[in-house]
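Residue numbers (my numbering), protein chains in the order written: chain A, 3 to 320; chain B, 3 to 320.
Spelled out as structure tokens, the structure:
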């Protein structure tokens, strides 16, 4: 039996995106077979297409896709958490752009009843990344987080989580048109012009930009503060003032989901699920979706994400 | 009543070191009045003499000295922890090069019976710094720490602490003559030539060098590892590869004792005292002392420390 999938024919522009088929295997061990409903598009998919972000060794090398939603169609003999017909969402190190997937059950979350499968496909990467980044920032109730790219998928998720935790958010964007979205979610908004900014002292920072903001980030942190780096859209090599690191006793921490071991991902998913289910069902947390497109428009969706004009997630449906 | 003290007449070479007097005040509040027996010399004292490390606002600006030992001579009306005649050691943000000091009792530790007052003056800065740095490295039993300047005061303390904790240490030095000291304390030793090194992957790093080692340090860390920076003898501005920080999920953390609030210092001292007293009395931990000199030889002691030939601490006695 065959499964539809997206392949990249080498590295390049959207012309390398190809619709293809692959053979389907039965779910084995703790795997669950999932009929995929929708796939969330990520910056990682774009970087992989350009050849800048190769898949980890244990993931398909030429089939992109890091998160998905769908319905359980088969259950491996050692899988105990889900039954056929269950609505699930999850993360993989690659290969999510398929119409059918076998995934270890530890990487799956149940879709909260309040959410559609389309909304669910926009959830795992951004909410897990935001959840993890906030924990790593060590900022708690009453603290202030500086959140860059606050209108992005991870940004909009982080604002919602911080609101629940009683953490104040100062959210930045480089597009004046996105200021209202950030404020609408309950954060204060700050427009960044010419890649430089000066803000009030903050307890922690969640940043996707990297080198371009490094100096101003270090300056913005209070004594004992933490800069959590979850992306490097503004460059990967930067000069750092170690004397500020010492004098203010700062931490700089890099993190990504994709390269983690299955055990580490499972632990994060477990912690997030325990805390999150109620919030999604009550509507306190909700993925912010920029657009939902049929898979046939994947190339246009790539271009839209690269234009930096989107607010929240882009979701592709089979 | 007058107290002897050392003053720096501006910034410069050892010619700015001057013997002087200051007036003595009665111990007030939670202060304890101490007749100072000995003072440990620190890199911070040298940097302050050169004008590179000004004292914090709440410390004497021109009297150096960060650690001391002595005997309690007076007790403020709100001080409850020590009695007249007690042997104490402690840290201050400056001013320890005095023959009499009023110090908040929270910054004092009782001198373990197994140690002399001279040994005690060599203890607080290096053991507290090492204790704190090991905790911040997140390396625990069975792990491997790369420890730079392992024959230094903090280095020799860190090796002893790690041995107690069951942490393996790979200790570096730039002087082949110091390799034996490092091995004698129970660590493996590695000679660094031309400021560049390549070692096996490590769980954590404690570094005093900074910029000159930054690239090799980042390369040496395992996934999830932490680089703790406690000094910047090799430069304060360095280029950092943020992509390695993300891909390996690394932490870089700067830390110093001197600029911390009294509450933070008190918390560290409390944690260390609880754990450390038994180890000192059993002889598991012992300050490594390079030399003990009369205060009149302070200038020569500065020059000796600057020559980078010392192993362990230099102590000055009144």
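In this text, a Cβ means the ideal position worked out from N, Cα and C, and glycines have one as well.
Keep in mind it's a predicted model, so treat the numbers as computed, not measured.
Under 8 Å by beta carbon: chain B residues contacting residue i
| i | result |
| --- | --- |
| residue 76 of chain A | Going along chain B, no residue has its Cβ under 8 Å from residue 76 of chain A, so there is no contact; the nearest lies around 33 Å. |
| residue 154 of chain A | The premise fails here: residue 154 of chain A is roughly 16 Å from chain B at the closest Cβ pair, so nothing lies under 8 Å. |
8 Å Cβ cut-off: residues of chain A touching residue i
| i | result |
| --- | --- |
| residue 252 of chain B | 255 and 256 |
Any C-beta of chain B under 7 Å from that of residue i
| i | result |
| --- | --- |
| residue 127 of chain A | no |
| residue 235 of chain A | no |
| residue 212 of chain A | yes |
Residue i at chain A interface by Cβ criterion, 7 Å
| i | result |
| --- | --- |
| residue 248 of chain B | yes |
| residue 147 of chain B | no |
Through-space distance from residue j to residue i, alpha-carbon basis
| i | j | result |
| --- | --- | --- |
| residue 141 of chain B | residue 262 of chain B | 23 Å |
| residue 194 of chain B | residue 177 of chain B | 8 Å |
| residue 188 of chain B | residue 107 of chain A | 46 Å |
| residue 159 of chain B | residue 270 of chain B | 16 Å |
| residue 83 of chain A | residue 200 of chain A | 48 Å |
| residue 85 of chain B | residue 148 of chain A | 48 Å |
| residue 295 of chain A | residue 289 of chain A | 16 Å |
| residue 57 of chain B | residue 265 of chain A | 47 Å |
| residue 7 of chain B | residue 300 of chain B | 12 Å |
| residue 154 of chain A | residue 77 of chain B | 59 Å |
| residue 277 of chain A | residue 129 of chain A | 12 Å |
| residue 322 of chain B | residue 198 of chain B | An answer regarding residue 322 of chain B cannot be provided, because it is not within the stretch 3 to 320 covered by chain B. |
| residue 72 of chain B | residue 167 of chain B | 30 Å |
| residue 99 of chain A | residue 185 of chain B | 55 Å |
| residue 274 of chain B | residue 110 of chain B | 12 Å |
| residue 89 of chain A | residue 102 of chain A | 14 Å |
| residue 315 of chain B | residue 257 of chain A | 38 Å |
| residue 225 of chain B | residue 253 of chain B | 10 Å |
| residue 304 of chain B | residue 297 of chain B | 11 Å |
| residue 74 of chain B | residue 48 of chain B | 28 Å |
| residue 293 of chain A | residue 40 of chain A | 12 Å |
| residue 152 of chain A | residue 165 of chain A | 13 Å |
Amino acids of chain A, ordered along the chain, whose beta-carbon sits closer than 9 Å to that of residue i
| i | result |
| --- | --- |
| residue 231 of chain B | 244, 247 and 248 |
| residue 139 of chain B | In chain order: nothing, as chain A lies at least about 12 Å away. |
Residue i: contacting residues in chain B (beta-carbon distance under 9 Å)
| i | result |
| --- | --- |
| residue 241 of chain A | 239, 240, 241 and 242 |
Proximal residues of chain B, C-beta to C-beta of residue i below 7 Å
| i | result |
| --- | --- |
| residue 100 of chain A | What residue 100 of chain A touches in chain B: nothing, since even the nearest Cβ is about 25 Å away. |
| residue 261 of chain A | 249 |
Nearest-angstrom Cβ-Cβ length linking residue i and residue j, presumed shorter than 8 Å
| i | j | result |
| --- | --- | --- |
| residue 231 of chain A | residue 247 of chain B | 6 Å |
| residue 212 of chain B | residue 234 of chain B | 4 Å |
| residue 124 of chain B | residue 113 of chain B | Contact doesn't hold; Cβ gap of about 11 Å is too wide. |
| residue 260 of chain B | residue 46 of chain B | 6 Å |
| residue 191 of chain B | residue 156 of chain B | Contact flag wrong, Cβ pair sits at about 16 Å. |
| residue 183 of chain A | residue 150 of chain A | That pair is no contact at about 14 Å. |
| residue 169 of chain B | residue 145 of chain B | 5 Å |
Q.
In chain order, what are the residue ranges of uninterrupted alpha helix (DSSP H) at least 4 long that sit wholly in the region 239–272 of chain B?
A. Listed in chain order, they are 244–249.
Q) Whole beta strand (DSSP E) runs in the region 47–87 of chain A with 3 or more residues, listed along the chain? A) The region 47–87 of chain A is shown to contain whole beta strand (DSSP E) runs of 3 or more residues at 69–77, in chain order.
Q | Minimum length 4: unbroken alpha helix (DSSP H) runs contained in the region 166–191 of chain A | A | Fully enclosed alpha helix (DSSP H) runs of no fewer than 4 residues occupy 181–186 of the region 166–191 of chain A, in order along the chain.
Q. Counting only runs that start and end within the region 106–144 of chain A, where is the beta strand (DSSP E) found for 3 or more residues in a row?
A. The qualifying runs are 110–112.
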